[in-house]
Amino acid sequence: MDHYRHGHDMPYGRPASRYQNDSTAHTNGKPQNGRSHWRDRPSSSYNRHKDLFKGETYYPRGSRLAQTPVVAPNRTRRPAPDLRYNTTRFHEQYHYFDPVARRLIHQNVMRPWTSEKLPSSGYVIVQEPQSAGKPKPVLKARTPDQAATDPRSAALNNHTVKGHTHRKARTQLSRLPRIVYDKHSIGPPPANEIVVYPMVRDSHISVPDAIIKNYFSTFGEISHFESFIDPSNALPLHVYVIRFTGPPGNLDAPFKAAHKAAKTFENAHYFVSGFKFAVVINTDNQSKKIIDSIVEENAKQAVKIQKQVERRNDNKELPTGPQAKALPPDLERIVQGRPSLFVSKKVISVHGLAIEDFKIKLAKYKFSRIIGHSSGFYVVFNDISDAKACMYVESDVLSINSRRRRKPVVIRFTLIEANLPSLAAGQREARQSHKKEYASIEDIVNAAADIIIQDLGWALERDLKRRIVGPTVFDALSPQNYPEIIARKEEDEKKKLELRRIAAETKQKRESKSSTFDIFNLYGARFKTKGLLGKGFIRDAKTPKESVSVSEKADVELVKPMAHLLNEDSRSNTPPAFETQLDDDDMMSSSVEAEDGLQDEEDNQDDFSDGFEPPYKKTKHESSEATTPEADVQKFVSNSSRREELIKTSEKYRPTASERPTPIYPVDLFESQGILSAVDIRDAVKDEEDFVILRKMMNPPAHAISGEQKFKLGVLLHELNLASQENKKVLALQNSTNEMAFDDSLRSPAGSFKAEGFKKISDRLKNCYLPHRRKLHQPLNTVYNHQDAAETNSDTHRLESEKPELENHPSEITSSRVNRAMNRRFQQDIEAQKAIIGSESELLTLNQLTKRKKPVTFARSAIHNWGLYALEPIAAKEMIIEYVGEMLRQPVAEMRERTYLKCGIGSSYLFRVDESTVIDATKKGGIARFINHCCEPSCTAKIIRVDGRKRIVIYALRDIAANEELTYDYKFERETDDEERLPCHCGAPSCKGYLN
Amino acid sequence: MTTGDKDPAVKLANDFKKRGSFDEEKSRILSGPVDCAEQTTLEEYVRNRAASLANDMVKEDESLIFKNRGSTSALIEGQLVKNGFEKLNTDNLQIDAYLRKILEDPAFKDSLKARLRANMEKSSDENGDVPM
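Chains as they are written, first to last, in our numbering: chain A, 1 to 996; chain B, 997 to 1128.
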């Protein structure tokens, strides 16, 4: 009992005095001089304990010990406390005790805690579970006079109480941790060996021991690894005993390793190479047991197999014994005496087996074929040994899943021996007598006669077939026998040839027309077709005669290829002659003002209709049968009355036999020739009829004009004439240079174009005056060397035909073959240099693609600004040049695109390599950036890999002539916003009009 | 050939053939006049039939003459000859039946037998023993 605690109670109302010097107050802790101040007071039973000093033991009053001298003299007091706050200064701080005066103060104002509400003996606040369930603090009076009892002992004594223990019932014993074995451990050491044995008895286990050993060595150091074999057949059992060991300092290591290994595979099996192993600690020499059990199993297995083999050997005799199965005669021919295995039909039909089942199951055996027969299946072998082998192994063993009974059914085979037909006959004979016994000569003769007759029959058949029928048929097929057919065929051939010839001729003629602009034939020819199609007339730049013939020929040629573009103008239809006439009328009238054939037709309709028919018919059927022209001709010729008519009409107006109806006078296209002057109209009147029409139109006054007026008229006319001629000359010149007439919108009304201020001229109009914009059947000899910077780009220079600069650089004109050879030599030199240097030097790496480049150059282009031109002819599918530029990632490319648009660089030089890479040749790049877009390109781009890197390479799609502009399809994505679309000036016939 | 040793009848038949009588018979049959058209022999008749049939075929399909002559003729021949000269038979003459009739004619057989007998005697005279 400590003096700091007062045991039961502090006396009420008594102030505590802690200080030993305080004689008035009670000392509350350390009693002074070893004695408690309470000794001064009469001690009640409560205070008995207080009377003791520290170290004093309490003895009851009555005991002898209390009076022992041990207790009495040693009455030490506690040391006096060190008062700090007993100065007067702190007086007002004292609440209830004055340390100086050593008395309680403020007693009148201080009230004790006792009240009626509170229990007088003191109280305790206890958490008691209420009826509601939640424990609530409850005031409980103290009962100091009652001795406390231990609630636990109450429960103990009261066994009927069901203790609400809060622990769950355990389902299993908790594992004790492994006790480390060290030098202090007592008892035998734990196991340090494990046994690894296969879970499944599989004869195909083939796990090398090394794998297992290596794996288990990860658990710990292995000191001993043993594998066991089956003593009876020396095959490995795949049972291993592994003993662990450890470094000498660590006693526990092997046991820990073994334990860990076993624990790892306690619940799961060790799975290696497809086989499962169990791992257990080798306690009580378990390994031996395991081995023994496996060995036993093996032995049993062996015995079983042994029995099987014996059984099979016994079964061998069965098939050949009782049933000597013979091959049905109709199969003899197929089987041809080879050995076969027979499966009876009963089995097959009952279980619904098929030949395929057998084929699958007997695939290992080299059967020749399996024949299905009404008696059963025959499995034919080429070799008797094969048959026998299959027989021994499979008969009564082979089971096929029955289709009808849902159960596998065992098949029994019967061997049918090989039988050669001659042997068979011989056997048959052998069974009979060796010699043929005849009753008499007569029989012999009879037999012989029969034989002969039989042979005769066969011989006759053979003879007929081979000697008689065969050659006759052969001869009959000779083409000479069928002259008509041959003749007909030859005619067909001739016609075809003829057609081909005509086609070739027309093509040639057309080509010769534009021979001066040879290389641009491709463009030029196309241009002609464009103009022709709708109307069937050519622009009248040529002489009339030429134009007619060209129109004829060209129409024939060109209508065909482009017919698909004009669905309405299909010449292959064969409308009745009248309709076609009308068509022609329409065509003519739409292009010519008041002209030739139209009115004529009304008068001479008969003539013209007749005249038109043959030509029409000709256009209808190019390859018409020979019959129809004859019919026409007949119709035509036989009509004598018409002939007279024809003779009556003048030469000019006679119907001409031509492919298409042609007007008598050459076509006059007024609209294209710019301003029409009176002179033109005057010239348009070509004959009486026209004059009549003109008169009707003009409605001139009836009276004649005076001589003066006539003179004036004459002068005016003359001037008009001159003017129109001048005009025509100008127009001709314009057309010859720019291909189109000078557009009037470009002509400034005030006289000075510059004075009018700045306005944008559309590309279309630029053709009128910009030489390099000229369209394309003009020779665009703008190809020249930019390297001669001193050269000024004057128009005259451009119009000059060839490139004199090229002579200065002879190396560039060399052919590509020579180039390739040079490049190869160069490459070899580089390789040699590399070999000498030894290490890779970046300087020596070649961009291989530069060596494959074709001689091309850039020059002003008609399509757009600059373009790339081939300097020499390039064959199709050849590589031309690589598109070189900065390689960017996709996001960088997008950013740059926006930047360029903002800067005003309208052209896009970004070329996509793949989804994430783009090549940008805007600021840095090769000359391939100059290749323009065309809707009918001459080149295409491909992505190839060189040294593992992707590069863009331009290949030629078709043969390209020298000085031809290289074009290719940009393959821009179709823009949804129509204003964003860029117009295309490529000039191709199938031009889409826009780049994107 | 071994049967020839064992079977005297066969031997006799072979003898007959060796003498050339077999072929003789055969050609005789073939050159025998046909019932319907007396002028032509069987052989010729068959020939004409085959030729006309081939012509018909060509008329139907003109491309036949332009194909490989050997294989086409073989094909046609096969067609004509199979099923016992089915296609070659006409209403007038059934080749198959005709041949069989001739062969099975008992008179023919008798004549054969007579010849065989004669042969046998001749050979026995030559050999000196009858193989019995």
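Virtual Cβ for every residue (Gly too), placed ideally from N, Cα, C.
Keep in mind the model is a prediction, meaning the values are calculated, not measured.
Got a sec: is the Cβ-Cβ distance from residue i to anything in chain B below 9 Å?
i: E511/A; result: no
i: V856/A; result: no
i: Q599/A; result: Confidence at Q599/A is low in this model, with a pLDDT of 42, below 50, so the placement of that residue is unreliable and no value is reported for it.
i: L464/A; result: yes
i: L415/A; result: no
i: L456/A; result: yes
Interface residues of chain B around residue i at Cβ under 7 Å?
i: A487/A; result: In chain order: nothing, as chain B lies at least about 12 Å away.
i: A459/A; result: K1022
With 16 other CB atoms within 10 Å as the buried threshold, where does residue i fall?
i: P135/A; result: exposed
i: E498/A; result: exposed
i: N808/A; result: Below a pLDDT of 50, predicted positions are generally treated as unreliable, and N808/A, at 39, falls in that range; no measurement from the model is reported.
i: P661/A; result: buried
i: A1002/A; result: Residue 1002/A cannot be examined here, being either before or after the span of chain A that is shown, 1 to 996.
i: M391/A; result: buried
i: H238/A; result: buried
i: I125/A; result: exposed
i: D330/A; result: exposed
i: E1117/B; result: exposed
i: E1122/B; result: exposed
i: T857/A; result: buried
For a contact meaning CB atoms closer than 8 Å, what does residue i contact in chain A?
i: A1046/B; result: I468, V469, T472, V473, A476
i: A1050/B; result: T472, V473, A476, L477
When the cut-off is 9 Å and only beta carbons count, does residue i lie next to chain A?
i: S1119/B; result: no
i: E1073/B; result: yes
i: P1022/B; result: Reading the sequence as shown, one finds Lys at residue 1022/B and not Pro. By this cut-off, K1022/B is an interface position.
i: K1013/B; result: yes
i: A1009/B; result: yes
i: E1039/B; result: yes
i: A1093/B; result: no
i: E1082/B; result: no
i: E1122/B; result: no
Against residue i, what residues of chain A qualify as contacts under a CB-to-CB distance less than 7 Å, listed in chain order?
i: T1068/B; result: L477
i: K1105/B; result: A449, I453
Can you tell me where the beta strand (DSSP E) with residue i in it begins and where it stops?
i: I927/A; result: Here I927/A belongs to no beta strand (DSSP E), and DSSP marks it neither H nor E.
i: Y900/A; result: Here Y900/A belongs to no beta strand (DSSP E); instead the alpha helix (DSSP H) covers 890–903.
i: S399/A; result: 399–401
i: V379/A; result: 376–381
i: I416/A; result: 414–416
i: A956/A; result: 949–956
i: K117/A; result: That residue, K117/A, is in no beta strand (DSSP E); it is neither H nor E in DSSP.
Leaving out five residues on either side along the sequence, give the residues of the same chain with a beta carbon under 7 Å from the beta carbon of residue i.
i: L1112/B; result: L1008, F1012
i: G376/A; result: F342, V343, S344, K345, I348
i: D98/A; result: I105
Using a C-beta to C-beta distance shorter than 9 Å, which residues of chain A count as neighbours of residue i?
i: K1109/B; result: E442, V445, N446, A448, A449
i: E1058/B; result: Y482, I485, R488, K489
Starting from the C-beta of residue i, find all residues in its chain whose C-beta is less than 6 Å away, skip the five residues before and the five after it, and write them out in chain order.
i: S908/A; result: none
Between which residues of its own chain and residue i is the CB-CB distance below 8 Å, once the five residues before and five after are set aside?
i: S206/A; result: S273
i: I944/A; result: K950, R951, V953
i: S1027/B; result: T1037, L1038, E1039
From what residue to what residue does the alpha helix (DSSP H) around residue i run?
i: A447/A; result: 441–463
i: F225/A; result: F225/A -> not in any alpha helix (DSSP H); beta strand (DSSP E) instead, spanning 221–229.
i: A867/A; result: The amino acid occupying residue 867/A in the given sequence is Gly; Ala does not appear at that position. Premise fails: G867/A lies in the beta strand (DSSP E), 866–870, not in any alpha helix (DSSP H).
i: T351/A; result: Note on residue identity: the sequence assigns His, not Thr, to residue 351/A. Element bounds for H351/A: 345–351.
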